[in-house]
Amino acid sequence: MLKPNKRMQKRGLFLTALFILTVLIVNVGVCAPPKKVAVFPFSMNSPQDLGFLQNGLFSMLSSRLSDPGKVDVLDRETVDKFLAQAKESDATKGALNESRARSIGANMGVDYILFGSLTHFGESVSLDASMVDVSGKKQTLSFFEQSHNMGDVILLVNSFAGDINQKVFNRNISNELYAKPAPQEPSAPGGLEYAGGGAVAGGGIMAMQQGGRQGFATHLKFDGVIGAMAVGDLKNDGQVQVVTATESNLIIYGLEGNRLVETQKLEFPSTNRIVSLDIADINKNGYPEIFVTSLTIHRDGLQSFVVEYNGSDYVTLDEGEACYYRVIKTPENTDLLLSQDKGKSPFDGRVYTMMASGDTYTKEKRIRLPRNTSVLALARGPVTAKDANEYVMINEHGRLILANDGGSVDWESTEKYGLNAHFWLMPRNDTDASYRDRVYLHPRIKFQDVGSDGKQELLVVKNNEIGGGAFGRYKRFKNSHIEMLSWNGIAMAPVFQTPPVQGWISSFAVADLDGDGVDELIVSVVTQSKITILSKDKASSIISYKLE
Numbered sequence: 245m246l247k248p249n250k251r252m253q254k255r256g257l258f259l260t261a262l263f264i265l266t267v268l269i270v271n272v273g274v275c276a277p278p279k280k281v282a283v284f285p286f287s288m289n290s291p292q293d294l295g296f297l298q299n300g301l302f303s304m305l306s307s308r309l310s311d312p313g314k315v316d317v318l319d320r321e322t323v324d325k326f327l328a329q330a331k332e333s334d335a336t337k338g339a340l341n342e343s344r345a346r347s348i349g350a351n352m353g354v355d356y357i358l359f360g361s362l363t364h365f366g367e368s369v370s371l372d373a374s375m376v377d378v379s380g381k382k383q384t385l386s387f388f389e390q391s392h393n394m395g396d397v398i399l400l401v402n403s404f405a406g407d408i409n410q411k412v413f414n415r416n417i418s419n420e421l422y423a424k425p426a427p428q429e430p431s432a433p434g435g436l437e438y439a440g441g442g443a444v445a446g447g448g449i450m451a452m453q454q455g456g457r458q459g460f461a462t463h464l465k466f467d468g469v470i471g472a473m474a475v476g477d478l479k480n481d482g483q484v485q486v487v488t489a490t491e492s493n494l495i496i497y498g499l500e501g502n503r504l505v506e507t508q509k510l511e512f513p514s515t516n517r518i519v520s521l522d523i524a525d526i527n528k529n530g531y532p533e534i535f536v537t538s539l540t541i542h543r544d545g546l547q548s549f550v551v552e553y554n555g556s557d558y559v560t561l562d563e564g565e566a567c568y569y570r571v572i573k574t575p576e577n578t579d580l581l582l583s584q585d586k587g588k589s590p591f592d593g594r595v596y597t598m599m600a601s602g603d604t605y606t607k608e609k610r611i612r613l614p615r616n617t618s619v620l621a622l623a624r625g626p627v628t629a630k631d632a633n634e635y636v637m638i639n640e641h642g643r644l645i646l647a648n649d650g651g652s653v654d655w656e657s658t659e660k661y662g663l664n665a666h667f668w669l670m671p672r673n674d675t676d677a678s679y680r681d682r683v684y685l686h687p688r689i690k691f692q693d694v695g696s697d698g699k700q701e702l703l704v705v706k707n708n709e710i711g712g713g714a715f716g717r718y719k720r721f722k723n724s725h726i727e728m729l730s731w732n733g734i735a736m737a738p739v740f741q742t743p744p745v746q747g748w749i750s751s752f753a754v755a756d757l758d759g760d761g762v763d764e765l766i767v768s769v770v771t772q773s774k775i776t777i778l779s780k781d782k783a784s785s786i787i788s789y790k791l792e
């Protein structure tokens, strides 16, 4: 009678030990730190300058592999820093291969290195890539595909990213990210192409770059800094005007032929430092207002104001407002005025919807948004679903943020966006009270149905710093471009970008500037006489890309 009891005791002890072991294994899996991945910029083998595509590949692969809490992808600045160090080391300099990738990866403290090359010749394009396990315990995942269509690059990237997620991270994406798009009707020659094939609206930015042409029209060359710009029909006469801002004045232009010609200059006190403009008819009187966000002369306060055409002249409706203005489009395609309180910095104040009340504007409703939000770089969705009420913004650190209407962050980019030369000065905080930290602002972001397919894509500026930000508090820019991003199921991924231009982009707008029924992407660009860290911005241009 004792033997069965001993068997039961032994069995109970075995089951208890098995249970404890299982719990330990599960907990180890749950608490395991995320895998770290470094995506190295792909080498470009092409007779054309494909720097724009190299940046796009990095962004696409980073967004497709990133998995919060499970897979962390290093940002471009960190990767470039380690690659620069590797070139100086005898052990790792030279052409990149598996052995050198493992050595560099060990120094970086990452688990995987992804590197490769893209070859483009004639109409053919091929992608050759490797995902290397730095520890050497897993076999390198290799990928090689080719196509006879440059537009298939995104399909090749999707395919390789799908292989990595499935075979390396045991991660299956049950959405259309890795599905090949349905065949579409070919676009007209010179049309704007998706990186993944079909046409957006029949026209131009990707095709311009691939065609080797400059791709944009220059409407204005200005001897000075255009720090802000907006476009609208100010007089409600069917003619679109372009409004630009220097530090304290507004200059209004009309298009004659292909050139912008000054029609009026509005001068304001020299204590203004204008950083942003918006145009919209918020008071519904038939004449759109110009909402001017202006810092004080010492860049530590706000004195924003509103200007409107009254049928015969431009008048100031509201002035001395301690807020930042931004007009955004609602999902119903109506204009919505937002304002943000002064706060301790441009990323600190509360954000409100505003309503017109006579010649002034009053707060209507507070919007719940994440911390480190600036209304100057804020747009409203939907993003993840057609009926979603979402906001996209660039935070203080340059990361693109997707937030729901409850103010919670649903996604954050690994890439940095935005930046411009406008800055806010923080209070003096050192012992001799001589140092003031700078907080830099971001230009507008905007949702736009580029292809008239009912889907809103996001247009966002990317101003690239000289030295990758190595000069700290003094921001100087070597080149810039505008990217269009679209939600791919797990992230905002780039679809196309404009060719890089020298200097920095202060603002952009989408409007039918020449009245031919086709919208243009209108961009204000600021350049320098010399690309040195202390050189001053000297000149500006207004250019446009045809969205046809």
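Residues in the sequence shown are numbered from 245 upward in steps of one, following the numbering used here. Quick reminder that beta carbons are idealized off the backbone N, C-alpha and C, glycines included.
*When burial is assigned at 16 or more other CB atoms within 10 Å of the CB, is SER784 buried or exposed?*
By 1-based counting over the sequence shown, the position of residue 784 is 540. By the 10 Å Cβ count, SER784 comes out buried.
*Quick one, are the C-beta atoms of ALA405 and ILE357 less than 9 angstroms apart?*
Taking the sequence shown and counting its residues from 1, one reaches residue 405 at position 161. Taking the sequence shown and counting its residues from 1, one reaches residue 357 at position 113. Not a contact, by the Cβ cut-off of 9 angstroms.
_Helix, strand or coil for MET352? Go by DSSP, reduced to three states._
Here residue 352 refers to the residue found at position 108 when the sequence shown is read from its first residue. In the three-state reduction of the DSSP assignment, MET352 falls in the helix class, which pools H, G and I.
_Buried or exposed for GLN453, going by 16 or more other Cβ atoms inside 10 Å?_
Locating residue 453 in the sequence shown gives position 209, where the first residue counts as 1. The predicted model places GLN453 with a pLDDT of 38, which falls under 50 and marks its position as unreliable; any figure quoted below should be read in that light. Counting Cβ neighbours within 10 Å, GLN453 comes out buried, since at least 16 surround it.
*Hey, LEU521 and ILE534: beta-carbon distance below 9 angstroms or not?*
Position 277 of the sequence shown, counted from the first residue, corresponds to residue 521. Position 290 of the sequence shown, counted from the first residue, corresponds to residue 534. Yes. Within cutoff.
*Quick one: residues in its chain with C-beta nearer than 6 angstroms to the C-beta of LYS465, no 5 flanking neighbours on either side, listed in chain order?*
Taking the sequence shown and counting its residues from 1, the one referred to as residue 465 is at position 221. Answer for LYS465: SER785, listed in chain order.
*Keeping to the same chain, check which residues put their C-beta closer than 8 angstroms to that of GLU709; ignore five residues upstream and five downstream.*
Position 465 of the sequence shown holds residue 709. Take GLU709, set aside five residues on each side of it, and the residues of its chain with a beta-carbon closer than 8 angstroms to its own are LEU663, PHE715, LYS719, ARG720, PHE721, LYS722, in chain order.
*Using 8 angstroms as the Cβ pair cut-off and three pairs as the minimum, do the stretch 311 to 330 and the stretch 279 to 294 touch?*
Cβ pair count under 8 angstroms is three or more, so yes.
*Say whether the stretch 468 to 482 touches the stretch 748 to 757, bearing in mind that this needs 3 or more beta-carbon pairs closer than 8 angstroms, one atom from each stretch.*
Output reads yes: the stretch 748 to 757 touches the stretch 468 to 482.
*Endpoints, beta strand (DSSP E) assigned at ASP585*: In the sequence shown, residue 585 corresponds to position 341, counting from 1. In this chain, the beta strand (DSSP E) harbouring ASP585 covers 579 to 585.
*Can you round the beta-carbon distance between VAL704 and TYR635 to whole angstroms, since I take them to be within the 8 angstroms contact cut?*
Here residue 704 refers to the residue found at position 460 when the sequence shown is read from its first residue. Here residue 635 refers to the residue found at position 391 when the sequence shown is read from its first residue. With 8 angstroms as the limit, VAL704 and TYR635 do not qualify as a contact, their Cβ atoms being about 14 angstroms apart.
*Please report how far the alpha carbon of PHE460 lies from the alpha carbon of ILE734, in whole angstroms.*
Stepping through the sequence shown from its first residue, residue 460 is reached at position 216. Stepping through the sequence shown from its first residue, residue 734 is reached at position 490. Computed Cα separation, rounded: 33 angstroms.
*From GLU764 to ASN393, what distance separates their C-alpha atoms?*
In the sequence shown, counting from the first residue as 1, residue 764 sits at position 520. In the sequence shown, counting from the first residue as 1, residue 393 sits at position 149. Roughly 27 angstroms separates the two Cα atoms.
*Three-state secondary structure (DSSP) at ALA299?*
Sequence index remark: in the sequence shown, residue 299 carries index 55 (1-based). It should be pointed out that residue 299 corresponds to Asn in this sequence rather than to Ala. ASN299 sits in a helix when the DSSP states are folded into three classes.
*Cβ distance (whole Å) where ASP293 is taken to contact LEU499 below 8 angstroms*: Counting from one through the sequence shown, the residue named residue 293 turns up at place 49. Counting from one through the sequence shown, the residue named residue 499 turns up at place 255. That pair is no contact at about 31 angstroms.
*Can you give me the start and stop residues for the beta strand (DSSP E) that ALA242 sits inside?*
With the chain covering only 245 through 792, there is no way to say anything about residue 242.
*Taking the alpha-carbon positions, what's the GLN298 to ALA629 distance?*
Against the sequence shown, residue 298 aligns to sequence position 54. Against the sequence shown, residue 629 aligns to sequence position 385. Whole-angstrom Cα-Cα distance: 29 angstroms.
*Hey, is the stretch 602 to 619 in contact with the stretch 561 to 569, meaning 3+ C-beta pairs nearer than 8 angstroms?*
Enough Cβ pairs lie closer than 8 angstroms, so yes.
*In or out: ASN554 buried (at least 16 other Cβ within 10 Å) or exposed?*
Position 310 of the sequence shown holds residue 554. By the neighbour-count criterion, in which 16 or more other beta carbons inside 10 Å mark a residue as buried, ASN554 falls on the exposed side.
*What does a CB cutoff of less than 7 angstroms around SER287 pick up in its chain, not counting 5 residues either side in sequence?*
Looking up residue 287 in the sequence shown gives position 43. Sequence-distant partners of SER287 (beyond 5 residues in either direction) whose C-beta falls short of 7 angstroms from its own C-beta, in its chain, are SER361.
*Keeping to the same chain, check which residues put their C-beta closer than 8 angstroms to that of HIS641; ignore five residues upstream and five downstream.*
Here residue 641 is taken as the residue at index 397 of the sequence shown, counted from 1. For HIS641, same chain residues with a beta-carbon under 8 angstroms away, outside a window of 5 residues either side, are ASN616, LYS660 in chain order.
*asked:* Less than 9 angstroms between the C-beta atoms of SER657 and SER307, yes or no?
replied: By one-based count along the sequence shown, residue 657 stands at place 413. By one-based count along the sequence shown, residue 307 stands at place 63. Contact: yes.
*Secondary structure of ALA600, DSSP reduced to three states*: By 1-based counting over the sequence shown, the position of residue 600 is 356. Three-state DSSP puts ALA600 in a strand.
*How about SER492 and THR515: do their beta carbons lie closer than 9 angstroms?*
For the purposes of this step, residue 492 is taken as residue 248 along the sequence shown, with counting starting at 1. For the purposes of this step, residue 515 is taken as residue 271 along the sequence shown, with counting starting at 1. Judged by their CB atoms, SER492 and THR515 are nearer to each other than the 9 angstroms cut-off.
*Local Cβ density within 10 Å of ASP396, reported as buried at 16 or more and exposed below that*: Numbered from 1 along the sequence shown, position 152 holds the residue referred to as residue 396. Answer is buried; the Cβ neighbour count reaches 16.
*Look up GLU500 in the DSSP assignment and give the residues it is bridged to.*
If you number the sequence shown from 1, residue 500 lands on position 256. Under the DSSP definition of a beta bridge, GLU500 partners with ARG503.
*Spatially closest choice to PRO575 from TYR569, GLY353, GLY625, by CA coordinates*: Within the sequence shown, the letter at position 331 stands for residue 575. That would be GLY625, whose Cα lies nearest to the Cα of PRO575.
*Select from GLU565, ASP557, ASN527 the residue whose C-alpha is nearest the C-alpha of SER538.*
As a position in the sequence shown, residue 538 is number 294, starting the count at 1. The residue with the shortest Cα to Cα distance from SER538 is GLU565.
*Report buried or exposed for VAL770, applying the criterion of at least 16 other Cβ atoms within 10 angstroms of its Cβ.*
Taking the first residue of the sequence shown as 1, we reach residue 770 at position 526. Buried, since its Cβ has 16 or more Cβ neighbours within 10 Å.
_Spatially closest choice to ASP631 from TYR684, VAL694, GLY698, by CA coordinates_ = Taking the first residue of the sequence shown as position 1, residue 631 is located at position 387. Closest in alpha carbon position to ASP631, among TYR684, VAL694, GLY698, is GLY698.
*asked:* Check for me: the alpha helix (DSSP H) holding ILE398 runs from which residue to which?
replied: In the sequence shown, the residue the question calls residue 398 occupies position 154. For ILE398, the enclosing alpha helix (DSSP H) covers residues 397 to 411.
_Can you look up GLU640 in the DSSP assignment and give me helix, strand or coil?_
Walking along the sequence shown from the start, residue 640 turns up at place 396. DSSP, reduced to helix, strand and coil, places GLU640 outside both helices and strands of the structure shown, so it counts as coil.
_Can you tell me whether GLN700 is helix, strand or coil according to DSSP?_
Sequence index remark: in the sequence shown, residue 700 carries index 456 (1-based). Assignment of GLN700 by DSSP, reduced to helix, strand and coil, places it in the coil class.
_Can you give me the C-alpha to C-alpha distance between ASP477 and GLN483, rounded to a whole angstrom?_
If you number the sequence shown from 1, residue 477 lands on position 233. If you number the sequence shown from 1, residue 483 lands on position 239. Roughly 6 angstroms separates the two Cα atoms.
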